[in-house]
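Engineer: Numbering (our numbering), first residue to last: 36 to 294. Don't be surprised by glycine CBs; every beta carbon is placed ideally from N, CA and C. Okay, here's the structure, questions in a sec.
Put into structure tokens, the structure is as follows:
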């Protein structure tokens with residue numbers, strides 16, 4: 036797998052998100068002016084690259100959505116793949132209209148055929164209580180040569196620390212102010228597999244090689260407020276020029292099963 040995403044791949048994702056025909060909103064316009072792509076856009080670009088016609092795709096913990104910020108791409112990828120399975124213990128899985136098979140429960144209890152080319156976990160890893168067990172189950176479900184794609188929060192990001200230090204009942208009110216959403220999409224966090232080193236070891240121990248493992252800057256916290264967001268994007272650009280990681284970052288990982 037070619038590790039670095041190209042500008043063409045990222046531009047395609049940006050256009051899919053904004054193909055509704057309406058003028059671009061202020062936040063996407065600012066990001067485009069700064070040359071900034073969100074962690075979710077990069078995650079979507081990876082999936083778009085890896086999912087081939089007739090691929091078997093398993094999405095873990097996605098609930099009501101495959102790609103909540105890009106329904107057009109979710110629809111395209113669902114039609115492209117031969118098999119799209121969603122597994123989630125939450126009843127939200129019943130509302131997911133892009134998957135072709137669904138199972139409300141845990142991966143270890145899934146009785147369907149496990150022969151997946153791609154397994155994805157979008158903002159799921161931070162909720163997992165037993166990382167060794169779930170990675171073992173993921174390994175059993177991945178074809179040799181198949182991929183696991185993970186987008187999750189970073190252990191050392193400021194928002195992660197705030198979430199860790201505050202009780203669960205305040206998470207949704209805070210989340211609603213900054214990002215919106217619904218309370219039924221907010222779940223308890225564990226943060227047991229949210230660093231680069233933890234993920235590398237967990238998947239390495241199960242016969243995976245690391246294809247991509249990096250921090251991706253996240254400037255979404257201030258996106259509702261033009262001045263603050265402009266300042267945040269400016270800070271990101273300055274730190275990038277100095278090759279300094281942006282403090283508020285997510286982890287984007289791709290692992291490939293080799294045995």
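With DSSP run on the structure shown, which of helix, strand or coil describes residue 264?
Structural biologist: In this structure, residue 264 counts as helix in the three-state DSSP scheme.
Engineer: Quick check on the burial criterion: 16 or more other C-beta atoms within 10 angstroms. Buried or exposed for residue 132?
Structural biologist: exposed
Engineer: Where does residue 118 fall in DSSP's three states?
Structural biologist: strand
Engineer: Kindly indicate which three-state DSSP category residue 212 falls into: helix, strand or coil?
Structural biologist: With a pLDDT of 46 at residue 212, under the threshold of 50, the modelled position of that residue is not reliable, and no figure is offered here.
Engineer: Can you tell me where the beta strand (DSSP E) with residue 98 in it begins and where it stops?
Structural biologist: Segment: none, residue 98 is in no beta strand (DSSP E) and carries neither H nor E.
Engineer: Whole angstroms are fine: how far does the CA of residue 166 sit from the CA of residue 52?
Structural biologist: Near 32 Å, if we compare the C-alpha coordinates of residue 166 and residue 52.
Engineer: Put residue 292 into one of helix, strand or coil per three-state DSSP.
Structural biologist: Here residue 292 sits in strand by DSSP.
Engineer: What are the partner residues of residue 249, as DSSP defines its beta bridges?
Structural biologist: DSSP lists 287 as partners of residue 249.
Engineer: Mind checking whether residue 231 and residue 286 have CB atoms under 8 Å apart?
Structural biologist: yes
Engineer: What's the call for residue 79, buried or exposed, on a 16-neighbour Cβ count within 10 Å?
Structural biologist: buried
Engineer: With a CB to CB cut of under 7 Å and the five nearest residues on each side skipped, what residues in its chain are close to residue 157?
Structural biologist: 78, 97, 186
Engineer: DSSP state of residue 59, grouped into three classes?
Structural biologist: Residue 59 falls in the coil class under three-state DSSP.
Engineer: The alpha helix (DSSP H) with residue 90 in it runs from where to where?
Structural biologist: Element bounds for residue 90: n/a, residue is neither H nor E.
Engineer: Note down the Cα distance separating residue 256 from residue 104, rounded to an integer number of angstroms.
Structural biologist: 15 Å
Engineer: Quick one: give me the first and last residue of the alpha helix (DSSP H) that residue 52 is part of.
Structural biologist: Counting along the chain, the unbroken alpha helix (DSSP H) around residue 52 starts and ends at 42-52.
Engineer: Please classify residue 172 as buried or exposed, where buried requires at least 16 neighbouring CB atoms within 10 angstroms.
Structural biologist: buried
Engineer: Can we say the segment 116-123 touches the segment 179-194, given the rule of at least three CB pairs closer than 8 Å?
Structural biologist: no
Engineer: Check whether the segment 244-256 and the segment 60-75 touch, using three or more Cβ-Cβ pairs below 8 Å as the test.
Structural biologist: yes
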